[in-house]
Each structure stands twice: as C-alpha cells, then as structure tokens.
Amino acid sequence: MSDSATEAGTDRVAEIFAAARDAGRQLLSEVEAKAALGAAGVPVTPTRLAAGAAEAVAIAGELGYPVVLKVVSDTITHKSDIGGVELHLDDAAAVEAAYGRIRAAAEAAAGAEAFGGVSVQPMAAPGAEVIMGMTQDPQFGPVLMFGLGGVLVEVLKDVAFRVVPLEPHDAAEMIREIQAFPVLEGYRGAPPADLAALEAILLALSEFAEAHPEVQELDLNPILARHDGATAVDARIVLTPA
Ligand code: ADP
Ligand code: MG
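Under our numbering, the first residue of the sequence shown carries the number 462, and numbering increases by one thereafter.
Set out below in structure tokens:
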C-alpha cells in the first residue's frame with residue numbers, strides 16, 4: 462500500500478474505534494472489526510449490519526447471493542453455538558426466514574435485549590480453515606498466533622507464536638512450524654493453500670498491532686485459505702479499557 466492509502470486506512474480504523482468507545486464498548490461487532498481490518502489491508506468478506514429483515518434482504522441483493530446471516534450482539538460471543546449463523550442463503554425468502562430464526566434463537570439464548578440485528582455477507586469460496594490471533598503479553602507486548610481451525614487448535618494446541626513486529630521470514634516460518642502444516646501443502650488431491658497470501662495477512666496484522674496499541678485482543682477465526690488467496694469470514698477485536 463502507498464503511504465497515503467496507509468494513512469487513510471489508519472484514520473478509518475481510528476474512527477471505528479472511537480465510535481465503539483463513544484458507545485461505551487470495548488468489544489467491536491463483527492461488522493466493525495472487519496471494517497477496521499479491511500482498512501488495514503486484511504482481506505475480509507464485505508459485511509454489513511441490518512437492523513431488520515427487509516434491510517437484510519436489501520443488503521443481500523446488493524452484495525449478491527448466496528449470503529450468510531449472523532447474529533449481532535454485545536453479549537453472544539460464539540454465534541454458531543446458539544444458532545446465530547445461517548450459511549448458503551440463496552434468495553430473499555431464505556434471508557427473511559433466516560432473520561426470524563436468528564432473532565428467535567438469540568432471544569431464547571440471551572434475552573430480547575441481546576439481539577442487535579444481523580450481519581450480512583457473501584458466502585466465501587471454500588478453503589482450509591486457519592486461525593490468526595493477537596494478544597497483549599505483559600512482558601513481550603503484542604504477540605501473533607497462527608494455527609489450523611477446529612480441534613487442532615482447541616484440543617491439540619497446535620499453534621505458532623511470534624512477537625510483533627514480524628519480519629517476512631517470521632511469517633513464513635510460523636506457518637510452516639505447526640504440526641498440521643502438511644494439510645496446507647495439499648493432501649488427498651486438495652490443492653495447496655496460497656501460503657504467500659497467509660504470510661501477507663500475518664504481516665498486515667503485525668503492522669495493525671503496532672499502529673494500534675489500543676487493540677487488546679484480536680481473532681480471525683476462521684480465515685478460509687484457498688489455492689488463490691485467503692479471506693477472513695469472522696473477526697473479533699477487543700479494545701483495551703478506556
Ligand atoms: P462463530 O465463530 O461466532 O460461531 P463464525 O462467523 O465463525 O461464527 O461462523 C461459523 C462458521 O461458519 C465458520 O467457522 C465458517 O466455517 C462458516 N462461515 C462463516 N462465515 C462464512 C462466510 N462468509 N462464507 C463461508 N463460510 C462462512
Ligand atoms: Mg468464528
């Protein structure tokens with residue numbers, strides 16, 4: 462990115478963070494987190510907030526089908542656990558029905574005030590699910606994490622860590638040092654993942670963490686790693702206390 466593009470991105474990120482602060486929130490919504498990361502050069506699915514079913518249908522029409530609807534809530538963190546994620550919605554009727562189901566599921570799980578509408582985004586092309594994250598270490602400052610999605614991270618703790626700032630060789634090495642790396646090289650006829658695209662995301666996250674020390678925690682879970690690029694379909698950012 463050129464310097465002016467980087468500056469415009471940084472301004473946009475500051476705006477998004479300020480809006481959350483003004484609303485008294487440390488936790489950004491999926492829509493806000495993706496907007497901030499997108500402005501920082503991280504590939505994310507374009508994702509918009511809909512306050513009602515008709516608005517969700519209108520946005521879906523603009524983005525193009527098939528789309529995904531997800532619950533927006535300050536209190537629900539694992540959206541799919543409560544029935545808050547609906548994939549493969551092919552038309553307006555499917556979007557309208559999914560909106561109603563997500564609203565009912567959110568209200569049943571966490572109360573009426575927990576439902577803040579839905580996010581609408583296109584279905585992303587399939588790929589291997591990888592995870593990237595950032596946490597603030599009291600001693601080392603921001604630390605980046607990389608792993609493969611699902612049980613590999615949760616149960617086997619098969620992840621790699623690097624302290625920010627990352628050099629290009631750090632990004633290349635951390636991807637290759639997880640046990641599950643052969644999965645990304647392609648197995649059983651699956652094409653290899655675009656490792657350069659994953660490295661570029663790690664480097665963009667490193668810059669993002671350096672430029673914005675007010676980010677306490679961030680998660681991209683998952684990023685879909687294809688043979689031709691990689692796109693984050695879920696994002697979470699927590700800001701430091703005001
Ligand atoms: P949560 O982690 O809060 O349960 P996610 O946003 O990660 O919710 O969605 C759950 C799963 O749905 C993801 O792990 C991914 O497999 C799939 N998914 C989410 N968004 C998309 C998308 N835009 N395109 C394709 N698959 C998606
Ligand atoms: Mg997720």
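Note that CB positions come from ideal geometry on N, CA and C, so glycine has one too. Keep in mind the model is a prediction, meaning the values are calculated, not measured.
Same chain, Cβ closer than 6 angstroms to MET635, neighbours up to 5 away in sequence not counted = Residue 635 sits at position 174 when you count from the first residue of the sequence shown. Here the set comprises PHE607, ALA621 and ARG623.
request  = Would you be able to state if there are at least three C-beta pairs under 8 angstroms between the region 548-561 and the region 532-540?
outcome  = no
ask   = CB-CB under 7 angstroms to MET584, same chain, minus the five flanking residues each way: which ones, in chain order?
value = Here the question's residue 584 lines up with position 123 in the sequence shown. Within the same chain, MET584 has close Cβ partners PRO527, VAL528, VAL529, LEU548 and HIS549.
message = Tell me whether ASP695, by its Cβ, gets closer than 7 angstroms to a heavy atom of the ligand MG.
response = Here residue 695 refers to the residue found at position 234 when the sequence shown is read from its first residue. Within the cutoff, so yes.
task = Express the C-alpha separation of ALA696 and GLU491 in angstroms, rounding to a whole number.
result = Along the sequence shown, read from residue 1 onward, the residue named residue 491 stands at position 30. Along the sequence shown, read from residue 1 onward, the residue named residue 696 stands at position 235. Rounded to whole angstroms, GLU491 to ALA696 spans 6 angstroms at the Cα level.
key: Collapsed DSSP secondary structure at LYS495 in the structure displayed   = As a position in the sequence shown, residue 495 is number 34, starting the count at 1. Note: LYS495 maps to helix in three-state DSSP.
ask   = Using the rule of at least 16 other Cβ atoms within 10 Å of the residue's Cβ for burial, across every protein chain shown, is VAL474 buried or exposed?
value = As a first step, residue 474 is located in the sequence shown; it is residue number 13 there, counting from the start. Result: buried.
message = With H, G and I counted as helix, E and B as strand and the rest as coil, what does DSSP make of HIS673?
response = Taking the first residue of the sequence shown as 1, we reach residue 673 at position 212. Note: HIS673 maps to coil in three-state DSSP.
inquiry  = Is PRO587 near the ligand MG - that is, is its Cβ less than 7 angstroms away from at least one heavy atom of it?
reply    = Taking the sequence shown and counting its residues from 1, one reaches residue 587 at position 126. The answer is no for PRO587.
Through-space distance from ALA703 to ARG482, alpha-carbon basis = As a working note, residue 482 is residue 21 in the sequence shown. As a working note, residue 703 is residue 242 in the sequence shown. If I take the Cα positions, the gap works out to 7 angstroms.
task = Ignore the nearest five residues each way along the sequence and tell me which others in LEU681's own chain have a CB closer than 6 angstroms to its CB.
result = Position 220 of the sequence shown, counting from 1, holds the residue named residue 681. Correct list, in chain order: MET593, ALA693 and ALA696.
query = Where are the alpha helix (DSSP H) runs, 4 residues long or more, that stay fully inside the region 579-658, in chain order?
reply = 612-615, 629-638 and 642-645
request  = Within its chain, find whatever has a CB closer than 7 angstroms to the CB of VAL699; leave out the 5 residues flanking it on each side and keep chain order.
outcome  = The residue given as residue 699 occupies position 238 in the sequence shown. Around VAL699: GLN487, LEU488, GLN677 and GLU678.
message = On the DSSP letters alone, give me the boundaries of the alpha helix (DSSP H) that ILE563 sits inside.
response = In the sequence shown, counting from the first residue as 1, residue 563 sits at position 102. Note, ILE563: alpha helix (DSSP H), 553-571.
request  = Note down, in chain order, each residue of its chain lying with its Cβ closer than 6 angstroms to the Cβ of GLY577, except the 5 sequence neighbours on either side.
outcome  = Taking the sequence shown and counting its residues from 1, one reaches residue 577 at position 116. So the list reads VAL533 and SER534, once near-sequence residues are dropped.
query = At what residues does the alpha helix (DSSP H) containing ALA515 begin and finish?
reply = On the sequence shown, position 54 is the one that residue 515 refers to. Segment 514-524, the alpha helix (DSSP H) holding ALA515.
inquiry  = Nearer than 7 angstroms: is that true of the beta carbon of VAL581 relative to any heavy atom of the ligand ADP?
reply    = One-based indexing of the sequence shown puts residue 581 at position 120. No - the ligand ADP has no heavy atom lying nearer than 7 angstroms to the Cβ of VAL581.
Closest by C-alpha distance to LEU645, when choosing among HIS630, ALA670 and ILE684 = By one-based count along the sequence shown, residue 645 stands at place 184. It is ILE684.
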